[in-house]
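If you read the sequence shown in our numbering, its first letter stands for residue 33, the second for the next number, and so on.
For each residue, glycine too, the CB sits at the ideal point set by N, CA and C.
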Amino acid sequence: MQTTHAKYHIGQVLRHRKHPFRGVVFDVDAIFSNTEEWYDNIPEDSRPAKDQPFYHLLAENGQSYYVAYVSEQNLVPDETGEPVDHPDLGDLFGDFEDGRYPVTFQLN
33 MQTTHAKYHI GQVLRHRKHP FRGVVFDVDA IFSNTEEWYD NIPEDSRPAK
83 DQPFYHLLAE NGQSYYVAYV SEQNLVPDET GEPVDHPDLG DLFGDFEDGR
133 YPVTFQLN
């Protein structure tokens with residue numbers, strides 16, 4: 033049995049290594065748990081390994097807000113100290129403080 037440890041935590045602000053977006057973690061999968069169709073749509077030379085944590089983010093870029101699903105290898109902590117403006121943040125988190133969002137929803 034393989035044990036996986038997530039590097040990042042719920043409420044943390046992260047940014048993508050290659051693409052210009054950042055977001056707040058609201059869920060973590062220990063290993064890839066999306067569809068094969070989703071995975072196959074990633075260019076083969078960019079596909080991340082499936083045996084690592086994958087993060088669900090309330091994400092934003094310069095044009096829009098959305099939910100992103102990103103492998104751990106493609107994320108880094110956001111060092112800007114700036115809040116994220118995603119409109120759904122208030123449903124899950126408290127106010128931005130000390131570089132993170134405190135959880136206000138019930139965890140399983």
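Residue i to residue j span [Cα, whole Å]
{"i": "D72", "j": "E104", "result": "18 Å"}
{"i": "G94", "j": "L121", "result": "17 Å"}
Collapsed DSSP secondary structure at residue i in the structure displayed
{"i": "E129", "result": "strand"}
{"i": "Q84", "result": "coil"}
{"i": "G122", "result": "helix"}
{"i": "E92", "result": "strand"}
{"i": "D59", "result": "strand"}
{"i": "S103", "result": "strand"}
Neighbour-count burial assignment, residue i, 16 or more Cβ in a 10 Å radius
{"i": "H37", "result": "exposed"}
{"i": "A81", "result": "exposed"}
{"i": "E129", "result": "exposed"}
Residue interval of the alpha helix (DSSP H) (run including residue i)
{"i": "Y40", "result": "Element bounds for Y40: n/a, residue is neither H nor E."}
{"i": "E68", "result": "68-72"}
Cβ separation of residue i and residue j, assumed to be a contact under 8 Å, to the nearest whole Å
{"i": "V99", "j": "Y87", "result": "Contact flag wrong, Cβ pair sits at about 11 Å."}
{"i": "V56", "j": "F125", "result": "7 Å"}
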